[in-house]
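Colleague: Supplied in C-alpha cells, the structure appears directly below.
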Amino acid sequence: MSDSNTPSLSHVNAQGEANMVDVTEKSMTSRTATAQGFIKMSPQTIKLIHHGDNKKGDVLAVARIAGIQAAKKCSDLIPLCHPLMLTKVQVDFEIDTINNQVKVVSLCRLTGQTGVEMEALTAVSVACLTLFDMCKAADPNMEIFGIKVLTKEGGKSGSWQAKGQNVEKEQA
C-alpha cells in the first residue's frame, strides 16, 4: 500500500494488473520530448563513419531513417504505449572522434493527449542499434549506452529537463 507521497506506476491498476492509461479526458496539448544515447566504437570504425567509407553505405542516413521509423512504430513495440500521430521526428548525430563514439539525439513532437518520451527513446535506441548493425563487421565490440530522456514539454505536468543537462533547442 502506498501513501499519497509515494509515486505510483501509471500502467498498473488498483488490482496490480497491467493497464493502458485512459487518456480520454486529457486535453490536447503540444508535447515534445528529446532523448539521447551513445554508441562507442574503435577509432577505425569512427573513421569509417566520419569519412563515409563503410562498405554498407551511408550509415548515418540509414540510422536516421531507422530512428524515425521506430518512433512511428513505438506502440507496436512497447505494449502499453498509445498509437500516436507524430507531427515531427528528428534524429541527429554527433561524431566524437576524441572519445570514439557517436551521440544520437532525437526529438519527437505532436499535439495530443499523451507524451512522446517513449517515441524519442525508441528513436534513439533503434538508431543506435542500426549503427551497430551497419558497423558490426568492422567492430563487433561496440557498446551502446547512456540512453535517456533529456527533456519533455507539454501536458499537465509542463516542462521537465534531466538534471545536469544543457539541451540545445531544435534546429530549423
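Just so you know, we're using the numbering used here here: the sequence shown kicks off at 1417 and counts up by one. Built from N, CA and C at the ideal position, the CB exists for glycine as well. All figures in this text were calculated on a predicted structure; none of them were measured in a lab.
#1: Which value, in whole angstroms, describes the spacing of the CA atoms of T1567 and G1453?
#2: Residues bridged to G1432 by DSSP?
#3: Under the assumption that V1565 contacts E1533 (Cβ atoms under 8 Å), give the Cβ distance between them as a whole number of angstroms.
#4: Rounding to the nearest angstrom, what Cα-Cα distance links L1500 and I1494 in this structure?
#5: For V1565, which of helix, strand or coil comes out of DSSP?
#6: Give the DSSP-derived three-state secondary structure of I1481 in the structure shown.
#7: DSSP three-state call for E1586: helix, strand or coil?
#8: List the whole-angstrom C-beta distance separating M1558 from A1479, where the pair is believed to meet the contact cut-off of C-beta under 8 Å.
#9: Could you round the C-beta distance between F1509 and L1476 to whole angstroms and report it? I think they count as a contact, below 8 Å.
#10: Thinking C-alpha only, which one of R1525, G1468 and K1463 is nearest V1507?
#11: Have a look at T1432 and G1473 and give me their C-alpha separation to the nearest angstrom.
#12: Quick test of your reading: V1482 and A1543, contact by CB under 8 Å. State the CB separation rounded to the nearest angstrom.
#13: Assign I1484 to buried or exposed, taking buried as 16 or more other Cβ atoms, counted over all protein chains shown, within 10 Å of its Cβ.
Modeller: According to the structure data:
#1: Counted from its first residue, the sequence shown places residue 1567 at position 151. Counted from its first residue, the sequence shown places residue 1453 at position 37. Using only the alpha carbons, I get a separation of about 13 Å.
#2: By 1-based counting over the sequence shown, the position of residue 1432 is 16. Beta bridge pairing from DSSP links G1432 with no other residue.
#3: Working through the sequence shown from its first residue, we reach residue 1565 at position 149. Working through the sequence shown from its first residue, we reach residue 1533 at position 117. Contact holds; Cβ gap of about 5 Å.
#4: Here the question's residue 1500 lines up with position 84 in the sequence shown. Here the question's residue 1494 lines up with position 78 in the sequence shown. Within the model, the alpha-carbon separation for L1500 versus I1494 is close to 12 Å.
#5: Working through the sequence shown from its first residue, we reach residue 1565 at position 149. Secondary structure at V1565: strand, using DSSP grouped into helix, strand and coil.
#6: Position 65 of the sequence shown, counted from the start, is the residue given in the question as residue 1481. Secondary structure of I1481 (DSSP, three-state): helix.
#7: For the purposes of this step, residue 1586 is taken as residue 170 along the sequence shown, with counting starting at 1. Note that E1586 has pLDDT 47, beneath the 50 cutoff, so the model's placement of it is unreliable and no number is given.
#8: On the sequence shown, position 142 is the one that residue 1558 refers to. On the sequence shown, position 63 is the one that residue 1479 refers to. Contact doesn't hold; Cβ gap of about 13 Å is too wide.
#9: Position 93 of the sequence shown, counted from the start, is the residue given in the question as residue 1509. Position 60 of the sequence shown, counted from the start, is the residue given in the question as residue 1476. Separation of the CB atoms of F1509 and L1476 is rounded to 5 Å, and the pair is thereby assigned contact status at 8 Å.
#10: Sequence index remark: in the sequence shown, residue 1507 carries index 91 (1-based). The candidate whose alpha carbon is nearest that of V1507 is R1525.
#11: In the sequence shown, the residue the question calls residue 1432 occupies position 16. In the sequence shown, the residue the question calls residue 1473 occupies position 57. The sequence given here places Gly at residue 1432; Thr does not occur at that position. One Cα belongs to G1432, the other to G1473, and the distance between them is close to 48 Å.
#12: For the purposes of this step, residue 1482 is taken as residue 66 along the sequence shown, with counting starting at 1. For the purposes of this step, residue 1543 is taken as residue 127 along the sequence shown, with counting starting at 1. The sequence as given places Ala at residue 1482; Val does not occur at that position. Right, the Cβ-Cβ distance comes to about 6 Å (below 8 Å), so this counts as a contact.
#13: By 1-based counting over the sequence shown, the position of residue 1484 is 68. So I1484 counts as buried.
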